[in-house]
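Asks: Sequential numbering of the sequence shown, starting at 12, is according to the numbering used here. Here it is, the structure in full.
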Amino acid sequence: MALRLPRLLFENALQDLRLASRALIRNPGFSVITILVIAIGLGATTAIFSVVDRLLFRSLPYPQSDHIVSVGITIPWVEGEFLFSNDYLHLREHQAGVFSALTSWTGIADCDLSELNPQRLSCAQVEWNFLPALGIAPLIGRNFRVEEDRLNAPQVALASYGLWKSRFGGNPGILSNTIRINGLPTRIIGVLPPAFELPNLAHADFLIPQGLASTQYIPHSQGIGRAVRVFACLRNGVTPPQALSASSPYMFESSMKVPGLGTVIRSLRDYQIGGVKLAARLLLGSTLSILLIVCANVANLLLARSAGLRREVAVRAALGAQRRRLFQQNFAESVLLTGSGAVLGTAFGWALLQIFKSIAPTGIPRIHEAALDGRVLLAVIFLSFLLATSFAWFTALEPPKPELLTTGGRVAGTSKLLLRRVLTVAQVAVSLVLLCVAGLLMESLANLENVSPGIAVDHVTTAEIAVGPPRYSNTTSRQQFFETLSGRLRELPGFKAVALSDTAPPIGFIHTRPARTLRALGQPMSEPAPAGIVAWRSVSPDYFAALGIPILRGRPFNSKDQIGKDNPIIINETWAHHLFGNEDAIGRGIRLGSDTMLTVVGVSADVKNNGLSQPPDPEYYIVRKQVTDPNEGRDEALASRALHWYGGEAFVIVRSAATPDAVANWIRSVTAAMDPTVPVAISTMRDRLATLSERPRFTTLLLCFFAFAGLVLAAAGLYGLISFLVAQRTQEMGIRMAVGATPAQIAGLMLKHSLYWTLSGVLIGCAVAALVVRSLRTLVFKVPVENPALFALVACLMIAVALAAALVPSLRAARVDPIAALRQE
């Protein structure tokens, strides 16, 4: 008996599947359409979930990832939080009760492996306890020791797993070998695990100690140190808000508390995906909305089909079939439909994912890690089973009616018809929400791309060029290389301007200084800058001409500024207004630090260096000095800038009427003629500017895709409902026409029904959209989220599409032959 029951259930299941497959084969049109609709919904959901799962749900590759947080101060337009090293040391001394571990790192920089077969790599500078704080141990070898993380200590390094395999052949004998990184002898002491990733998800070939200048806190009057990124592991039971409350007093002294600065402690996941978190949730919500529309469509199809099979079901019930067995038969059909749709949808989702990855901009975390792995496939299987059960339940809502055997199968199924109408209204509402969101993002993107960046876009090419040891081991050789290169480029025909800069707008790294360290002479103490900091660049005289930045007052730099002992400075309009108000800034003095005097020689137009959607921030420019040694005849503050400028990396900015490809080839050929081993990275200014709107463009593109798909599916659902009504009410239409109704009145009646359901969906959708768009304030630019004009436009579009979808079946109803309809009675 114990074995007979499972065997009986198995045999019943096989019988149900055989009957279901025969029924679906007899109705191929219905089967193909249903499977395709399910495949579209599951495919889109699979593709987006495989991306969002990596961002929002999957565990991070750290043993205590839920306890790891990022700690620091924030500046509005600087990405991520940081601490000055002196304040970090202050925090470390006082927060043992909040954090179980606290560590820092300085970031990633290019480095040269200067041995046989030289290679440019990337090196991350980290504190000695960086890996232990994250709960990571080297694959082989050991971690750094505290004495190795000191200035002037013998340099050691941890190699990445990928570099160990590709460069060193996976040889364990690499440990304790000495190589040369940036000309310095470096001993490899370990290899990182294969799955290791830096907290900011950047790639590094080596980890090397950062060597903080001091290990003990000193008063701010003696210096603030350099900027470091700080990560901590919270003690059990401590929440980020609690840790922030206890730590804020030690993150910066009261003299640093200026408007615009704040403190933050947030989870490592938020640190990694903070910029795309809302967009990821929006995409997930959009694809689930599409899935909801698909489910409503399939449910409508199944309900329509079950209405045509009511007499068959009644016969089976009259012969003794229990309702449980009828449900099992419906479930078998649903399993075949959703299973086939899931297989096809998985293939469609894989193809869609490859398209998403190919068009995705750089900077979206983990997008290229997305894949249809076992976790995603299990989610697809679970979702398919849930859909199959739901569809079977929908079609089994109405019990079989034996009276159908005596009425010829013409008893109306009121509950199913009402359910179909509700599903159609829901499709219209969800589709309208998607259209409203897509419309907002499209308008925002148009506004963003119409913003003037303040620099020339066309005919400007930038080349990032890096030189380093052993051939360029001192500042003089590096300076000479860039001077010779720029001189040769100026001799080329069609090169209107050639400039050098340590950084290039509008993206990437830029230097900053606390606003309180710059004082206008002869002016009362001004309030700090809005962001609390001022950006600056070191540039050659042709910088403004190359980028088309207007000098509003005064003059640009000239060759005399490069060789003179004066310290000229050009400030942007925002900074000039902040320091001097409506007074003329030309010739005025600015004190940098405690003893450095700068003289304003020009006021430039503002440049959107902090993003197109943000107002311009204060910025100033200093001239690139031509000196043999950067410390010769210069104060310490400017000497530090010269050291950075001659650190081996610079941007060559060229303005030319030639094509970008021709300019790039000339730059590469001139550079290769000087030194074929020097790497050159070419980009046009238009491409650099395009990166500022890549993320919103990608998000808008996907939302428009989902909105269009939702609109088409909602129209298809309405078309199906009206067609079903026409088929069900053929006799009624015949009677109406027999007693005098005109074809136009019959068509109008059907259109009236469709308009009623569409307006119901539009009203519900507008109410829901008004709630949804409020959460999108941070994603849109110069677009009010409460936008009645947009809502009205989308509503009119939805109504027009719905009426167009209902027109064909309505016209079919108008062509009903009353004689033929009455003969069926």
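C-beta: ideal position from N, C-alpha, C; glycine also.
Which residue from Ala170, Ala531, Gln106, Ser177 puts its Cα closest to that of Ala254?
Replies: For the residues Ala170, Ala531, Gln106, Ser177, the minimum Cα distance to Ala254 belongs to Gln106.
Asks: Quick one: does Arg432 have its CB under 8 Å from some CB of chain C?
Replies: Among the protein chains of the structure shown there is no chain C, as only one such chain exists.
Asks: Counting C-beta neighbours from all protein chains within 10 Å, is the total for Asp216 16 or more, i.e. buried, or is it exposed?
Replies: Counting Cβ neighbours within 10 Å, Asp216 comes out buried, since at least 16 surround it.
Asks: Quick check on Ala423: does DSSP put it in helix, strand or coil?
Replies: For Ala423, the pLDDT reaches just 47, beneath the cut-off of 50, and the residue's location in the model is therefore unreliable, leaving the point undetermined.
Asks: Our contact map puts Leu308 next to Ala727 with C-beta atoms below 8 Å; I'd like the distance itself, whole angstroms only.
Replies: The identity of residue 308 in the sequence shown is Asn, whereas the question assumes Leu. Correct: roughly 6 Å between the Cβ atoms.
Asks: Of all the beta strand (DSSP E) runs that stay within the bounds of the stretch 162 to 196, which reach a length of 3 or more residues?
Replies: If we require 3 residues or more, the beta strand (DSSP E) runs fully inside the stretch 162 to 196 come out as 166 to 170, 189 to 192.
Asks: Within a Cβ cutoff of 6 Å, which residues of the same chain sit near Pro196, ignoring the five residues on either side of it in sequence?
Replies: So the list reads Thr189, once near-sequence residues are dropped.
Asks: Tell me whether Val550 sits in a helix, a strand or coil according to DSSP, three-state version.
Replies: Strand.
Asks: Ignoring anything shorter than 4 residues, give me the alpha helix (DSSP H) runs that lie fully in the stretch 454 to 537, in order along the chain.
Replies: The stretch 454 to 537 contains these whole alpha helix (DSSP H) runs: 486 to 501.
Asks: Taking the alpha-carbon positions, what's the Trp586 to Ser70 distance?
Replies: Cα to Cα, Trp586 sits roughly 45 Å from Ser70.
Asks: Taking 8 Å as the cut-off, decide whether the C-beta atoms of Leu603 and Ala596 are in contact.
Replies: Their beta carbons are not under 8 Å apart, which means Leu603 does not touch Ala596 by this criterion.
Asks: Relative to the C-alpha of Ala675, which residue among Ile370, Ser549, Ile693, Lys507 is closest?
Replies: The shortest C-alpha separation from Ala675 is found at Ile693.
Asks: Under three-state DSSP, which class holds Arg788?
Replies: Correct three-state label for Arg788: coil.
Asks: Where does Asn569 sit, in a helix, a strand or coil, going by DSSP?
Replies: In this structure, Asn569 counts as coil in the three-state DSSP scheme.
Asks: For Cys306, count neighbouring C-beta atoms within 10 Å of its own C-beta (all shown protein chains included) and say buried if the count is 16 or more, exposed if not.
Replies: With 16 or more other Cβ atoms within 10 Å, it is buried.
Asks: Identify, in the order they occur along the chain, each residue of the same chain with its Cβ nearer than 7 Å to the Cβ of Thr57, setting aside the five sequence neighbours on each side.
Replies: Result list for Thr57: Gly356, Thr357, Gly360, Leu383, Val387, Val391, in chain order.
Asks: Just verifying my parser: in three-state terms, what is the DSSP assignment at Trp139?
Replies: Trp139 falls in the coil class under three-state DSSP.
Asks: Under the DSSP definition of a beta bridge, which residues are partnered with Ala238?
Replies: DSSP lists Phe95 as partners of Ala238.
Asks: Would Ile466 be called buried (16 or more neighbouring beta carbons within 10 Å of its own) or exposed?
Replies: It is buried - the Cβ of Ile466 has at least 16 other Cβ atoms within 10 Å.
Asks: According to DSSP, is Ile119 helix, strand or coil?
Replies: Note: Ile119 maps to strand in three-state DSSP.
Asks: Give me the Cα-Cα distance between Val634 and Ser133, rounded to the nearest whole angstrom.
Replies: The alpha-carbon atoms of Val634 and Ser133 are separated by roughly 29 Å.
Asks: On the criterion of 16 or more Cβ atoms from any shown chain inside 10 Å, does Phe574 qualify as buried, or is it exposed?
Replies: Sequence check: residue 574 is Ile here, not Phe. With fewer than 16 other Cβ atoms within 10 Å, it is exposed.
Asks: Contact defined as beta carbons within less than 8 Å: I believe Ile580 pairs with Val614. What is the distance between those atoms, to the nearest angstrom?
Replies: Not quite, the Cβ-Cβ distance comes to about 10 Å (not below 8 Å), so this is no contact.
Asks: Between which two residues does the alpha helix (DSSP H) containing Ser821 stretch?
Replies: Its alpha helix (DSSP H) spans residues 799 to 825.
Asks: Compare the beta carbon distance of Val691 and Ala474 with 8 Å and say whether it is the shorter of the two.
Replies: In this structure, Ala474 lies closer than 8 Å to Val691 by Cβ.
Asks: So, for Ser351: in the same chain, excluding its five sequence neighbours on each side, which residues have a beta-carbon less than 7 Å away from its beta-carbon?
Replies: Excluding sequence neighbours, Ser351 sits near Ile46.
Asks: I need the straight-line Cα distance from Leu94 to Gly772, nearest angstrom please.
Replies: Rounded to whole angstroms, Leu94 to Gly772 spans 52 Å at the Cα level.
Asks: Does Ser232 come out as helix, strand or coil in the three-state DSSP assignment?
Replies: With a pLDDT of only 44 at Ser232, under the threshold of 50, the placement of this residue in the model should not be trusted, and no figure is reported.
Asks: Nearest-angstrom Cα distance between Ala661 and Ala477?
Replies: Cα to Cα, Ala661 sits roughly 7 Å from Ala477.
Asks: Pull up the distance between the alpha-carbon of Tyr261 and that of Ala112, whole angstroms please.
Replies: Going from the Cα of Tyr261 to the Cα of Ala112 covers about 16 Å.
Asks: Considering only their Cβ atoms, is the gap separating Arg489 from Asp513 smaller than 8 Å?
Replies: Cβ atoms of Asp513 and Arg489: not closer than 8 Å.
Asks: I need the DSSP call for Leu25, collapsed to helix, strand or coil.
Replies: Correct three-state label for Leu25: helix.
Asks: With H, G and I counted as helix, E and B as strand and the rest as coil, what does DSSP make of Asn311?
Replies: Helix at Asn311.
Asks: By Cβ distance below 8 Å, which residues in the same chain neighbour Leu25 in space, the five residues on each side in sequence not counted?
Replies: No residues qualify anywhere along the chain.
Asks: So which of Leu814, Asn798, Gln742 has the shortest CA-CA distance to Leu762?
Replies: Closest option to Leu762, Cα to Cα, is Leu814.
Asks: Helix, strand or coil for Tyr73 per DSSP?
Replies: Residue state, collapsed to three classes: coil.
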